[in-house]
Ligand SMILES: NC(=O)c1ccc[n+]([C@@H]2O[C@H](COP(=O)([O-])OP(=O)(O)OC[C@H]3O[C@@H](n4cnc5c(N)ncnc54)[C@H](OP(=O)(O)O)[C@@H]3O)[C@@H](O)[C@H]2O)c1
């Protein structure tokens, strides 16, 4: 298998590259492949001749998207339509990444992949439209995920560790629940799904449920155990209403993974396990280039 990964340099694209194993894979950052540029997309497909295209490129600034709707739509929707048609033409399978933000968060039970979408933000709408565009491509696979973090890039785990080293007290939202998901595990699941020939919409996150507050407490404990100076920060729960954001977030964004687990013949690790493993790796990276 030969894979072309878009959005190189992003946290998921980097993990997809690392998870390639025996397969050939190249990740192009935006400077080499702007997915909004039809000619660049076609030139990349001509040169790489991939069997699989993992589209990890996206406009991911959820709050900024509220005021930059055109850009979010262009990258998360229109570019995916062009990518989908190019993949069909070049005989490559498109694997599109999507999000829990396609749902409104009002469900009392985990969302299955066939539940009706009802995005509440510009970002969520652009990603939902991107899903529909991707599914126009032959044998396309859409993988919805949530609450991603890794040792790289901007994410909740890294932000919390930085803030805990700077502050005595942090207030974190406790009335939004979902599942923290380590990007390395998602990348492995995406490769496995692509290689098993899965098509349509699949859900993948780590297992279990947490609020952002519970995630922050776990980050404090795991990071302190890994040697970061975070143990003394007092973490307090607050309500979403006391932490207003430009884009509304779903209150309940737990995704049901049963169908994906059945397709893969394995389950996701619990989110605490994913956090533990990622923290050990992050501590190792920080020890090599002392930035903490
Ligand atoms: N992070 C989460 O919690 C989360 C949750 C659910 C789903 N997802 C989805 O997971 C996927 C990967 O997200 P991530 O967390 O890895 O995001 P990320 O770290 O922000 O990576 C996205 C990458 O896409 C690049 N990009 C933006 N516009 C592009 C364009 N026109 N052409 C090519 N590349 C472009 C970005 O480059 P610049 O940085 O230079 O703009 C960035 O390197 C996305 O589809 C996202 O919607 C993420």
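In the numbering used here, the protein residues as written are 1 to 292.
Note that CB positions come from ideal geometry on N, CA and C, so glycine has one too.
*Among 132, 253, 269, 63, the one whose alpha carbon lies nearest that of residue 212*: Comparing Cα-Cα distances from residue 212 to each of 132, 253, 269, 63, the minimum goes to 253.
*Helix, strand or coil: how does DSSP classify residue 140 here?*
Three-state result, residue 140: coil.
*asked:* According to DSSP, is residue 39 part of a helix, a strand, or is it coil?
replied: Here DSSP, grouped into helix, strand and coil, assigns residue 39 to helix.
*Would you kindly work out how many angstroms separate the C-alpha atoms of residue 250 and residue 120, rounded to a whole number?*
Cα to Cα, the separation comes out at about 8 Å.
*Taking the C-alpha atoms as reference points, what is the distance between residue 280 and residue 226?*
Linking residue 280 to residue 226 through their CA atoms gives a straight-line distance of about 6 Å.
_Beta-carbon gap between residue 133 and residue 77 smaller than 8 Å_ = Cβ distance < 8 Å, so residue 133 and residue 77 count as in contact.
*Would the C-beta of residue 257 count as close to ligand 1, meaning under 7 Å from any of its heavy atoms?*
Checking every heavy atom of ligand 1 against the Cβ of residue 257, none is found closer than 7 Å.
*asked:* Tell me the rounded alpha-carbon separation between residue 50 and residue 112.
replied: Distance between the alpha carbons of residue 50 and residue 112 is about 30 Å.
*How about residue 97: is its Cβ closer than 7 Å to a heavy atom in ligand 1?*
At least one heavy atom of ligand 1 falls within 7 Å of the beta-carbon of residue 97.
*Alpha carbon to alpha carbon, how far is residue 151 from residue 180? Give it in angstroms, no decimals.*
For residue 180 and residue 151, the gap between their C-alpha atoms comes out near 14 Å.
*So which of 13, 52, 8, 17 has the shortest CA-CA distance to residue 32?*
Of 13, 52, 8, 17, the smallest CA-CA separation from residue 32 is found for 8.
_Taking the alpha carbon of residue 116 as the reference point, which residue from 190, 269, 201, 174 has its own alpha carbon closest?_
Scanning 190, 269, 201, 174 for the CA closest to the CA of residue 116 turns up 201.
*Length at least 3, wholly inside the region 217 to 254: the beta strand (DSSP E) runs in chain order*: Runs found: 234 to 238.
*Inter-residue spacing [alpha-carbon to alpha-carbon] between residue 15 and residue 184*: Going from the Cα of residue 15 to the Cα of residue 184 covers about 5 Å.
*asked:* Between which residues of its own chain and residue 69 is the CB-CB distance below 8 Å, once the five residues before and five after are set aside?
replied: The residues 122, 126, in chain order, have a CB closer than 8 Å to that of residue 69 in the same chain once the five nearest residues on each side in sequence are set aside.
*Neighbour-count burial assignment, residue 52, 16 or more Cβ in a 10 Å radius*: Within a 10 Å sphere around the beta-carbon of residue 52 sit 16 or more other beta-carbons, which makes this residue buried.
*Following the continuous beta strand (DSSP E) through residue 266, name the residue where it begins and the one where it ends.*
No beta strand (DSSP E) contains residue 266, which DSSP labels as neither H nor E.
*Figure out for me which residue from 47, 215, 109 has the closest Cα to the Cα of residue 173.*
Of the listed residues, the one whose Cα sits closest to residue 173 is 215.
_Quick check: does the Cβ of residue 148 come within less than 7 Å of any heavy atom belonging to ligand 1?_
Answer for residue 148: yes, Cβ within range of ligand 1.
*Does the region 242 to 249 come close enough to the region 135 to 149 to have 3 or more Cβ pairs within less than 8 Å?*
The region 242 to 249 is not in contact with the region 135 to 149.
*asked:* Please state whether the Cβ-Cβ distance between residue 169 and residue 217 is less than 8 Å.
replied: Between residue 169 and residue 217, the C-beta gap is not smaller than 8 Å, which leaves the two residues out of contact.
*Which residues does DSSP pair with residue 294 in a beta bridge?*
Because the chain spans 1 through 292 in this model, residue 294 falls outside it and cannot be assessed.
*Measure the alpha-carbon distance for residue 35 versus residue 6 and round it to whole angstroms.*
Taken atom to atom, the span from the alpha-carbon of residue 35 to that of residue 6 is near 8 Å.
_On the DSSP letters alone, give me the boundaries of the alpha helix (DSSP H) that residue 165 sits inside._
It spans 156 to 166 - the alpha helix (DSSP H) in which residue 165 sits, taken as one unbroken run.
_Are there any heavy atoms of ligand 1 lying less than 7 Å away from the beta-carbon of residue 177, as far as the coordinates show?_
No, the beta carbon of residue 177 sits no closer than 7 Å to any heavy atom of ligand 1.
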